[in-house]
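Everything in the sequence shown is counted per this note's numbering, starting at 2 for the first residue and increasing by one.
Take a look at the structure set out below.
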Amino acid sequence: MRALEVKNLFFSYDGKHDAVNDVSFAVERGKYVSIIGHNGSGKSTLAKLIMGLLAFKKGEVKVFDEVLSTASLHAIRSRIGIVFQNPDNQFIGATVKDDIAFGLENRLVPHEEMEDIILKFADKVHMSDFLESEPSNLSGGQKQRVAIAGILAMSPDLVILDEATSMLDPKGKREVKETLFVMREENPNLTILSITHDIEEAALSDEVIVMHQGKVILSGNPKEVFAQEDKLKAIDLDLPFIQKLKKALKKQGIDVDNFANLGEMAEFLCR
């Protein structure tokens, strides 16, 4: 089943230039898909169109086979969770506990059930020791993990990450990524769409979509996409470290093309 289907989507801020220009792609349920591209490529605008925060001028968006429209917007949003770029802009509660509770309260979850749900998801993102902490006492990575806990507590089918790690230090980025991959292992049906600048994150995704000047110029699994080095260089996108390493080893006569991650490659090289 497709979690998301975008067909021939167009959007313009000024009525003249298309920020999203004839974009089409599909995301199967349970997949982790990264959309990469520089600022101005249209990827964050695309996320807002999928969420119904902007109205596209032409095309179609389907979320779990339901066409996005004014009538279906509420039902579709109930199945989507979104984590934004700035962790400070989405921390609503006075404490970690209050923040995770916010979405549950809006859905009228009974208080006796809410307590267990909060504890469950705070524990999953390793924030159960910080339930009474105020946001000013948390790092950026911790705040994003709280945001993820609040979203997952509402049991979404699709999570959209809109540059969710771009303002974090390396430790914060690692914490958020690890949290997401653990969540996905626990719930194989959870679909993740990550709008990101992070090439290393994209390399770990199931599929990668590359946008440039409002258009999709490449898509496929990471191996297929990052094999298109010339096309990526033409738009000033770098290769992930694993691809650079494979290329360097190949020059030394060591073929490691079949290895999907650094762990497998290291094990092979150490034999």
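Heads up, the beta-carbon is just placed ideally off N, CA and C, and yes, glycines get one too.
{"Asked": "Buried or exposed: residue 165, going by 16 or more other Cβ atoms within 10 Å of its Cβ?", "Found": "buried"}
{"Asked": "How big is the Cα-Cα spacing for residue 11 and residue 49?", "Found": "13 Å"}
{"Asked": "Could you round the C-beta distance between residue 142 and residue 94 to whole angstroms and report it? I think they count as a contact, below 8 Å.", "Found": "With a Cβ gap of about 18 Å, residue 142 and residue 94 do not count as contacting."}
{"Asked": "Could you give the distance in angstroms between the alpha-carbon of residue 202 and the alpha-carbon of residue 240?", "Found": "12 Å"}
{"Asked": "Hey, out of 232, 140, 30, whose CA is closest to residue 157's CA?", "Found": "30"}
{"Asked": "When the Cα atoms are used, what is the spatial distance from residue 63 to residue 89?", "Found": "31 Å"}
{"Asked": "Let me know the secondary structure DSSP gives residue 275 once reduced to three states.", "Found": "The first residue shown for the chain is 2 and the last is 272, placing residue 275 beyond what the model contains."}
{"Asked": "Would you check whether the ligand MN has a heavy atom nearer than 7 Å to the C-beta of residue 108?", "Found": "Within the structure as shown, the ligand MN is missing, as the structure has no ligands at all."}
{"Asked": "Per DSSP, what kind of secondary structure is residue 162 in: helix, strand or coil?", "Found": "strand"}
{"Asked": "In chain order, what residues of the same chain have a beta carbon less than 7 Å from the beta carbon of residue 43, not counting five sequence neighbours either side?", "Found": "20, 21, 212, 215"}
{"Asked": "Rounded to a whole number of angstroms, what is the C-alpha to C-alpha distance between residue 248 and residue 228?", "Found": "10 Å"}
{"Asked": "For residue 121 and residue 170, I'd like the C-alpha separation in whole angstroms.", "Found": "26 Å"}
{"Asked": "Quick one: grab the DSSP three-state call for residue 212.", "Found": "strand"}
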